[in-house]
Structure formats: C-alpha cells, structure tokens
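As they're listed, the protein sequences go chains C and U. Numbered by this note's numbering, the letters in the first sequence go through residues 280 to 525 in order. Numbered by this note's numbering, the letters in the second sequence go through residues 4 to 148 in order.
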Amino acid sequence: MPEIKGFNTVVLKNKPSIIGYAAAVGKKEAEGPLGEYFDKIYQDEFCGEKTFEKAETHLQKAAIETALKKAKLSKTDIQCAFAGDLLNQCIGSSFGMRDLQLPFAGLYGACSTMALSLALAGILVDSGAAKNTVAAASSHFCSAERQYRYPLEYGGQRSPAAQWTVTGAGCAVVSDQKAENAPQIEKVIIGAVRDLGITDINNMGAAMAPVNVKLRPYTKGMVFLHNQFQERRHIKQNECNIYTSA
Amino acid sequence: MNNTDYKNLVHSTTPKSPNLKNCIKAFVFGGSICCFGQVLKTLYGLTELNEDEIKLAVSTTLIVITAILTGAGVFDNIAKHAGAGTAVPITGFANSVVSPAVEFKSEGFILGMGAKMFNLAGPVIVFGCSAASVYGLIYWITQII
C-alpha cells in the first residue's frame with residue numbers, strides 16, 4: 280500500500296516496475312541526439328493517416344502496442360491505462376483507446392502529462408488496485424500548432440525562445456511484476472502551480488519551469504525549487520524518483 | 004525568488020531576436036515586393052485600364068501570387084526570413100486568409116474552412132473598417148464646416 284510521508288510524498292512500498300516502454304516519433308525527433316533510442320520513427324508527418332490528429336492517435340497506439348509487446352503482455356492484461364495529450368477533449372488519446380479497448384483514464388497535464396500518468400499508474404499498482412497499467416502521453420507538432428498557435432502555412436517569424444512541440448508518443452507499462460534492471464517507482468510528489476509572472480506566450484519554458492514542491496521531512500523546513508536544474512539536484516539528493524507539476 | 008528576480012533571470016538567459024538582421028531582411032524583402040508592385044503598375048499602364056483599375060489589378064495580382072505560394076507551401080519559408088517584409092504589404096493579409104483556409108480544410112468545407120478562414124484576418128477587417136468609418140465621419144464633418 281502507498282504511504283504518505285512528510286507533507287505529500289507518496290512512498291510506494293512495493294516499488295512498481297516499468298517492465299516495458301516504447302516511443303514512436305516523427306522525423307525531426309529522430310534526427311535529434313536521442314534518435315537511436317526511439318522504437319518507431321515516422322518520416323511522414325501524417326503517419327499514413329488523413330489528418331494530424333489521426334496521426335497523433337496513430338503514434339500513441341504504436342507506442343502502446345510496442346511497449347506491451349516489449350513487456351510481453353497482451354491488451355487483456357492491462358487493468359487501467361492513463362494517457363493524455365494536448366488536444367481538445369484529449370482526442371489523441373481517447374480515439375486511440377477506443378481502438379485499443381483498454382480501460383482508460385484520460386489526463387490533461389500539458390507538459391507534465393507523462394510524469395502525471397506514471398505517478399498515478401505507480402500509485403494504482405502499488406495500492407493493489409491493478410496489476411498492470413499503462414502510462415502514456417502524446418503530442419504532434421502540427422496538431423498543437425493548429426490548437427495553440429498559427430496555421431502551418433502562416434508566414435511568421437518564430438521568436439528564438441519559441442517552443443517546438445514534439446511529434447511523438449511515449450508509453451510505459453507499470454507493473455507489480457519484478458523484472459531485471461527494470462526502473463522502479465519508489466516515491467511520488469505532486470507539486471503546486473507556481474506562477475512567477477511570465478506572460479510571454481513565446482517563452483512557455485520560462486513560464487512552466489517553476490514549481491512548488493515541499494520536500495519535508497527530507498530536508499529541514501520547506502524548500503521552494505525554482506528551475507529545472509535545482510529540481511533535479513534536490514530530487515536526486517532526496518531519492519524522489521518522480522514528481523510532477525500540476 | 005520573487006517575480007522580479009525571476010523576470011531578470013529569464014531576461015538574462017533568453018536568446019534575443021536578431022533585430023538589426025531582421026530589419027535589414029524586412030527592408031530588402033519588403034522593398035522588393037514594392038518594386039515588383041511598381042513594375043506591375045507600369046506594365047498595366049500599357050493596357051487600356053484607367054488609374055483606379057490599375058491599382059486594383061496590382062493588388063489583385065499580388066494577392067493571387069501569395070495565395071498560390073501559400074497553397075504550395077512556399078510562402079511561409081520566404082516569410083520566415085522576410086518577417087515584416089512580407090507581413091506588412093498586402094501579401095501578409097492574403098497569407099493570413101489563405102493559410103487558415105488550407106489548415107482547416109480537414110474540418111470540413113463550411114464549418115472548417117469557411118468558418119476559420121478569417122481567424123487571423125478578422126481583427127484587421129473589423130478594426131480596419133471601424134477606423135475607416137471614423138475617418139469618414141470626421142472627413143464628412145470637416146466638409147460641412
């Protein structure tokens with residue numbers, strides 16, 4: 280059973296394992312420094328579908344199916360799937376789950392969706408309410424541009440700080456099975472939104488970087504973390520493997 | 004860390020837009036489009052069109068060329084460099100109408116393309132027409148006086 284320590288640190292006593300994982304990405308991501316680690320690479324931004332939204336669903340389905348295959352599980356072994364994306368009503372995930380027929384809990388955490396889905400999947404498995412769960416997230420550059428910014432063919436200049444939404448989906452199978460060398464989820468901390476007054480829509484990285492996490496009782500007093508570098512350092516020191524901002 | 008400290012940190016670490024380079028590029032591209040417009044005006048001057056019709060023909064030609072380049076996926080690659088050079092002339096307006104039309108075609112002909120076509124150009128039309136009306140009203144009052 281999960282146990283609460285300190286302010287809101289959830290300690291997962293059985294340490295659920297990530298027994299399978301996969302990522303399906305687009306062309307630009309495959310050309311990046313992590314290119315060799317991706318399981319499926321799509322050169323076509325439509326992934327053989329008719330719209331970008333359908334392409335995003337395709338990516339998520341590919342990631343989940345590959346992760347299940349790597350975990351040597353079938354769809355009927357999964358008791359719950361946590362997944363989310365950036366689109367209205369999370370259609371990227373919900374239409375994918377319609378086809379996969381997995382019990383589905385949709386999430387919206389924008390950039391924190393993957394961490395959020397892993398945290399919830401870990402807690403569910405540790406509590407004994409599920410044996411195997413799926414945690415997934417997806418996004419597509421073209422569908423996000425349409426949803427949040429300008430049409431693709433609109434002629435404008437990007438600010439140097441402008442963010443570029445990933446075309447890709449990732450999936451982790453979180454299970455109570457123990458596997459050799461499998462990463463384990465030991466602790467979960469969910470942070471509070473921290474608004475430091477960044478209003479520049481072309482600098483979302485700066486807007487999202489701050490998060491409030493209370494690490495009591497692991498450090499004396501209350502620690503406010505301000506940027507990603509500090510967050511990582513503190514979390515490593517305190518052995519907190521997963522955190523997420525709201 | 005308070006908001007001001009954070010704003011200073013963000014300001015010091017965020018890469019800046021190359022303003023001078025952008026201005027020079029915008030001047031060259033924008034100037035080229037205007038020169039091309041002038042060439043068109045001279046060429047149309049050789050036909051039997053009158054002055055007003057020539058102005059209309061020049062604008063229409065630039066709009067049609069922009070629409071074709073936008074549809075072909077070329078315009079945004081030019082505009083990436085040109086910036087204000089393509090945004091300020093009538094080419095920018097044409098692109099802001101054609102690009103959503105292309106983008107939202109997948110959501111249907113009427114509720115997709117038709118409804119979303121003026122997403123970007125809408126404010127320009129609304130405030131452009133409003134400003135013209137106010138200007139007209141002032142002009143009319145000054146004529147009476």
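The beta-carbon is built from N, C-alpha and C at its ideal position, and this holds for glycine as well.
- The continuous beta strand (DSSP E) containing C:F361 extends over residues C359 to G363.
- Taking C:S417 as the centre and dropping the five residues before and after it, the same chain places the C-beta of E335, L338, Q339, D364, G371 and A448 closer than 6 Å to its C-beta, in chain order.
- Here the alpha carbons of C:F331 and C:E308 stand approximately 16 Å from one another.
- Linking U:S20 to C:S438 through their CA atoms gives a straight-line distance of about 6 Å.
- Of the residues U:L52, U:N122 and U:I68, the one whose Cα lies closest to the Cα of U:T94 is U:I68.
- In the DSSP assignment, U:N22 falls within the unbroken alpha helix (DSSP H) covering N22 to G48.
- Here C:I464 is not near C:G407, since their CB atoms are 7 Å or more apart.
- Contiguous beta strand (DSSP E) elements confined to the segment 332-387 of chain C occur at 359-363 and 383-386, taking only those with 3 or more residues.
- Leaving aside the five residues that flank U:K28 on each side, the residues in its chain whose CB is nearer than 7 Å to its CB run, in chain order, H84, A85, G86 and G88.
- For the pair C:C326 and U:G139, the Cα-to-Cα distance works out to about 53 Å.
- Within chain U, the residues placing a beta-carbon under 9 Å from that of C:T330 are S109 and E110, ordered along the chain.
- Rounded to the nearest angstrom, the Cβ distance from C:L352 to C:V445 is 26 Å, too far for a contact under 8 Å.
- Under the three-state reduction of DSSP output, C:Y427 falls in the helix class.
- Using a C-beta cut-off of 8 Å, the segment 419-434 of chain C makes contact with the segment 95-109 of chain U, since at least three inter-stretch Cβ pairs fall below that distance.
- Between C:C450 and C:I343, the C-beta spacing is below 7 Å.
- Taking CB atoms only, U:P103 has a neighbour in chain C less than 7 Å away.
- Annotation: U:T17 is outside any beta strand (DSSP E) and is labelled neither H nor E by DSSP.
- Interface annotation for the segment 465-478 of chain C against chain U: D474, L475, G476 and I477, criterion Cβ-Cβ distance under 9 Å.
- Setting aside the 5 residues that flank it on each side, C:M376 is surrounded in the same chain by F383, each with a C-beta closer than 6 Å to its C-beta; the list follows chain order.
- Using beta-carbon distances, U:E106 counts as an interface residue toward chain C, with a partner under 7 Å.
- Annotation for C:S296: the continuous beta strand (DSSP E) segment containing it runs S296 to G305.
- For U:V129, the enclosing alpha helix (DSSP H) starts and ends at G125 to I147.
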